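Chemist:
Spelled out as structure tokens, the structure:
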């Protein structure tokens, strides 16, 4: 689950609240069997054997410490400071859940619930204040190393997201995800993270929900809110795919000995045909290809779906 700063800024969920959530989740679990082909069976009330439950957060949404210990400015810091009305309630995540200072308490909550994994994101500007590997912030590195070690000490496996929307503002000043050079800058950042944390992290997410990221370029929903409809979204999306591909290939070539796995986290919309007519069915499929398929199809098949290419 996500504790969005827009909903919980300045608040901390108590252990009791987390426990209630855990009971809701765990009450849905029943022991499953196997299907005729030997694969685990699952339904809305059944999870396959070995299924792991956990929590997921994003650095900007929970860490706070927006300028602590040498951290740089991200596009979300910038837009909420320069344009306070960007958030409907005029709040920002300067403090958020203060997980930067209270991560040990957070981990104890995870342990109390019984979660086995914790997916969190690295704040690019906390480890590289200007986004470049030539300027490493050791305090940021130490924070994530301590976080990862604390997770392992409590029997919780870390899943690390490299990019969850908080691009360094200096990189946005050069065009952000619209600039083709961003893919190489990202892979250099990823390279450093793999090198430093790879022995302790076996699950990596390059980009969280690229479909949401592009809304910051093709609309005004997210930072940097450029609203370049029909151009900014597709150009930034293409560079996100290039960045993922470069990071994936780098990991396979240079860090495969670490034994980890790397992918991208998708999001999209449920698209259902209005009727069973061929036209409506085709429209629903087209909707899927312009949401999930936009990023999933290139990963699985090496290119955009024909419906997008047209």
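Numbering (the working numbering), first residue to last: 1212 to 1521.
From the three backbone atoms N, C-alpha and C, an ideal C-beta is built for every residue, glycine too.
Quick caveat, the model's predicted, so the values are computed rather than measured.
#1: List the endpoints of the continuous beta strand (DSSP E) containing residue 1506.
#2: Distance check for residue 1435 and residue 1292, CA to CA, integer angstroms please.
#3: Any idea what DSSP makes of residue 1405, helix, strand or coil?
#4: When the Cα of residue 1527 is compared with those of 1326, 1387, 1400, 1279, which residue comes out closest?
#5: Under 9 angstroms, do residue 1350 and residue 1275 count as touching if we go by C-beta distance?
#6: Report the rounded CA-to-CA distance for residue 1521 versus residue 1311, giving the unit in angstroms.
#7: Under the rule that 16 or more other beta-carbon atoms within 10 Å means buried, what is residue 1470, buried or exposed?
#8: I'd like to confirm the pairing. Which residues does DSSP put opposite residue 1265 in its beta bridges?
#9: Once you ignore the five residues that flank residue 1367 on each side, which residues in its own chain have a CB closer than 8 angstroms to its CB?
#10: With a threshold of 8 angstroms, are at least 3 pairs of Cβ atoms found where one atom belongs to the region 1375-1382 and the other to the region 1337-1344?
#11: Given residue 1313, which residues of its chain have a CB within under 7 angstroms of its CB, disregarding the five upstream and five downstream residues?
#12: Between residue 1425 and residue 1452, what straight-line distance do the alpha-carbon atoms span, to the nearest angstrom?
#13: Would you report the Cα separation of residue 1456 and residue 1490, rounded to the nearest angstrom?
#14: Determine whether the beta carbon atoms of residue 1501 and residue 1519 lie at a separation below 9 angstroms.
#15: Does the beta-carbon of residue 1353 have 16 or more other beta-carbons within 10 angstroms, so that it is buried, or is it exposed?
Modeler: For this structure:
#1: Residue 1506 sits at position 295 when you count from the first residue of the chain shown. Counting along the chain, residue 1506 falls outside any beta strand (DSSP E), though it belongs to the alpha helix (DSSP H) covering 1503-1512.
#2: To locate residue 1292, count along the chain shown from 1; it is residue 81. To locate residue 1435, count along the chain shown from 1; it is residue 224. If you take the alpha carbons of residue 1292 and residue 1435, they lie about 12 angstroms apart.
#3: Taking the first residue of the chain shown as position 1, residue 1405 is located at position 194. Residue state, collapsed to three classes: helix.
#4: The chain is shown only over 1212 to 1521; residue 1527 falls outside these bounds and no answer can be derived.
#5: In the chain shown, residue 1350 corresponds to position 139, counting from 1. In the chain shown, residue 1275 corresponds to position 64, counting from 1. It is not a contact, given that the beta carbons lie outside the stated cut-off.
#6: Locating residue 1521 in the chain shown gives position 310, counting from the first residue. Locating residue 1311 in the chain shown gives position 100, counting from the first residue. Each residue's alpha carbon lies about 46 angstroms from the other.
#7: On the chain shown, residue 1470 is found 259 positions in, with the first residue counted as 1. Residue 1470 is exposed by the Cβ-count criterion.
#8: Walking along the chain shown from the start, residue 1265 turns up at place 54. 1328, per the DSSP bridge assignment.
#9: Within the chain shown, the letter at position 156 stands for residue 1367. Taken in chain order, the residues that qualify are 1265, 1318, 1321, 1322, 1326, 1327, 1328, 1329.
#10: yes
#11: Looking up residue 1313 in the chain shown gives position 102. Correct list: empty, nothing qualifies.
#12: The residue labelled residue 1425 in the question sits at position 214 within the chain shown. The residue labelled residue 1452 in the question sits at position 241 within the chain shown. Going by the C-alpha atoms only, they are around 11 angstroms apart.
#13: Along the chain shown, one-based indexing puts residue 1456 at 245. Along the chain shown, one-based indexing puts residue 1490 at 279. Cα-Cα distance, rounded: 34 angstroms.
#14: Sequence index remark: in the chain shown, residue 1501 carries index 290 (1-based). Sequence index remark: in the chain shown, residue 1519 carries index 308 (1-based). Yes, Cβ-Cβ distance for residue 1501 and residue 1519 is below 9 angstroms.
#15: Residue 1353 sits at position 142 when you count from the first residue of the chain shown. Residue 1353 comes out exposed.
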